[in-house]
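Colleague: Residue numbers (the working numbering): 1012 to 1079. Think of the CB as a built atom: it goes at the ideal place given N, C-alpha and C, for glycine as much as any other residue. Because the structure is a prediction, the values reported are computed rather than measured.
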Amino acid sequence: MRRVKVMIRCNRCGEVYILRGRRTKDGSYETGFVQCVCGNTDDFTITPVLDRTTAQLAGENPEKTREG
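#1: If distances are taken between C-alpha atoms only, which option among 1043, 1039, 1058 comes closest to residue 1052?
#2: What's the call for residue 1027, buried or exposed, on a 16-neighbour Cβ count within 10 Å?
#3: Between residue 1079 and the rest of its own chain, which residues show a CB-CB distance below 7 Å, the 5 nearest in sequence each way excluded?
#4: With C-beta atoms as the reference, is residue 1029 less than 9 Å away from residue 1048?
#5: Helix, strand or coil: which one does DSSP assign to residue 1020?
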């Protein structure tokens, strides 16, 4: 399994963390992240971050999307 960058945003205080994680069979991401600095342990939004390496693996060209 490939590790991908994910953005974890706390829905209580808005703090953002960028970590590497693995996608599980149910479609969620496992990063080992436990708790936000505000004490929140269960109310997060986790989304994958599309960086240059991830885009190349997906077959996209990030240089073309930056033009404009």
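Modeller: The structure says:
#1: For the purposes of this step, residue 1052 is identified with residue 41 of the sequence shown, where counting begins at 1. Checking every option, the nearest Cα to that of residue 1052 belongs to 1043.
#2: Within the sequence shown, the letter at position 16 stands for residue 1027. Classification of residue 1027: exposed, given that the 10 Å Cβ count is below 16.
#3: Numbered from its first residue, the sequence shown carries residue 1079 at position 68. Low confidence applies to residue 1079: its pLDDT is 44, below 50, so where it sits in the model is not reliable, and the reading given next is rough at best. Counting only residues of its own chain and dropping the five nearest sequence neighbours on each side, residue 1079 has no CB closer than 7 Å to any other CB.
#4: Against the sequence shown, residue 1029 aligns to sequence position 18. Against the sequence shown, residue 1048 aligns to sequence position 37. No, they are not a contact pair.
#5: Start at 1 with the first residue of the sequence shown, and residue 1020 comes out as number 9. Looking at residue 1020 - three-state DSSP - the assignment turns out to be strand.
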